[in-house]
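**Q** Take any residue in the sequence shown, note its place counting from 1, add 25, and you have its number in the numbering used here.
Before we start, here is the structure in question, set down as structure tokens.
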Amino acid sequence: MIARLSALRLLVGHPGMLAILRRAGLTDSLAGLLVNNWEKTFPYAAYQKIIAAVREIYGERGYRALAYRAGKNSFAETFGGLPAVKTAKEQLAQMGDERLRLHLAMQTLAEAMEGTSIQRVEVSLRGLSASLRVDFCFECWDSPLTHEPICYGLVGSARGALAYLLGRDDYLVREVHCTAAGDDFCELEIKPPPEAMRGRGLGQTGFLTLPPDLRAGVDEDTQEQ
């Protein structure tokens, strides 16, 4: 959770983050928490206030893009230096079985998520694909019923982990279950590149319902930061 907020601060800048915190009714001193630490104590209610503030300031489309990019950027920026992540990356470079590579990459993400939040994450393989189930997801916690998945940051986190650990950014990641949509848990479906390309041909994306005008540039390097 802190990792996601730290990445958001890098995207909007320190003044932008302070504006978000003020709009959320949170004290400026909360900004001191937005560093790379491993505390699990950041309150879910405060995170939801921040999400609401981002929506108010940047609009729904802006929120979706920022949530996705913050999630994607957060893995390398926050977890890339951890010994366990470095070890996993070295192991993945020597593995040839793509199915096992995908499983280890997602398991590494799951351990990072559980180590820095009270979320419970389970990874499983389904044929050539993988699934990432999240209980107590902080992104959609206590969200009004939306009838559609809304965890854009979670999708971004998975794609960021895959890009960092496996060195490729062409996996298809879709949220197929979400508590905001009335499900009991959140779940991502991750397909390897060949399946991902076929999925895109059918109109599926890895961005949930990210608008087309934002989708084109959302994965570009953020040199302007």
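All residues carry an ideal CB built from backbone N, CA and C; glycine is no exception.
#1: Give me the Cβ distance between Ile-27 and Thr-141, rounded to the nearest whole Å; I'm assuming they're in contact under 8 Å.
#2: Can you give the beta carbon distance from Arg-29 to Ala-95, rounded, assuming they're within the 8 Å contact cut?
#3: Could you give the first and the last residue of the continuous beta strand (DSSP E) run that contains Ser-156?
#4: Here's the rule: buried if 16 or more other CB atoms are within 10 angstroms of the residue's CB, otherwise exposed. What is Gly-181?
#5: Rounded to the nearest angstrom, how far is the Cβ of Ala-188 from that of Leu-134, given a contact under 8 Å?
#6: Ile-143 lies in the beta strand (DSSP E); which residues open and close that run?
#7: How would you write the range of the beta strand (DSSP E) that Ile-215 sits in, first residue to last?
#8: Who are the Cβ neighbours of Lys-74 in its own chain at under 8 Å, not counting the five residues just before and after it?
#9: Assess contact between the segment 29-43 and the segment 110-121, defined as three or more Cβ pairs (one per stretch) separated by less than 8 Å. Is contact present?
#10: Going by CA-CA distance only, name the one from Ala-92, Met-120, Val-37 that's closest to Leu-191.
#11: My guess is that Glu-173 and Ala-206 are in contact by the Cβ rule of under 8 Å, so how many angstroms apart are they, rounded?
#12: Please name the residue in Glu-147, Met-131, Ala-90 whose C-alpha comes closest to that of Gly-178.
#13: Which parts of the segment 163-192 are runs of the beta strand (DSSP E), unbroken and 3 residues or longer, counting only runs that do not cross its ends?
#14: Using C-beta distances below 7 Å, list every residue in its chain close to Glu-78, excluding the 5 sequence neighbours before and after it, in chain order.
#15: Let me know the alpha helix (DSSP H) ranges lying completely inside the segment 29-109, each 4 residues or longer, listed in chain order.
#16: In the DSSP output, which residue or residues are listed as bridge partners for Val-198?
#17: Let's test the definition: count the other Cβ atoms within 10 Å of the Cβ of Arg-34 and tell me whether it reaches 16, buried, or not, exposed.
**A** A quick look at the data gives this:
#1: Ile-27 to Thr-141, Cβ: 7 Å. Contact.
#2: Contact holds; Cβ gap of about 5 Å.
#3: It spans 154-160 - the beta strand (DSSP E) in which Ser-156 sits, taken as one unbroken run.
#4: Residue environment analysis places Gly-181 among the buried positions, since at least 16 neighbouring C-beta atoms fall within 10 angstroms of its C-beta.
#5: Contact doesn't hold; Cβ gap of about 11 Å is too wide.
#6: That residue, Ile-143, is in no beta strand (DSSP E); it is neither H nor E in DSSP.
#7: For Ile-215, the uninterrupted beta strand (DSSP E) segment begins and ends at 211-216.
#8: Once the five neighbours on either side are set aside, the close Cβ partners of Lys-74 are Ala-49, Gly-50, Leu-51.
#9: Result no; under three Cβ-Cβ pairs closer than 8 Å.
#10: Measuring C-alpha to C-alpha distances from Leu-191 to each of Ala-92, Met-120, Val-37 identifies Met-120 as the nearest.
#11: About 6 Å; that satisfies the 8 Å criterion.
#12: Nearest option by C-alpha distance: Ala-90.
#13: Runs of the beta strand (DSSP E) inside the segment 163-192: none found.
#14: It is Ala, not Glu, that sits at residue 78 in the sequence shown. Cβ neighbours of Ala-78 beyond the five flanking positions: Ile-45, Arg-48, Ala-49.
#15: Within the segment 29-109, the complete alpha helix (DSSP H) runs of at least 4 residues are 69-99.
#16: Answer is Ile-215.
#17: Counting other Cβ atoms within 10 Å of its Cβ, Arg-34 reaches 16 or more and is therefore classed as buried.
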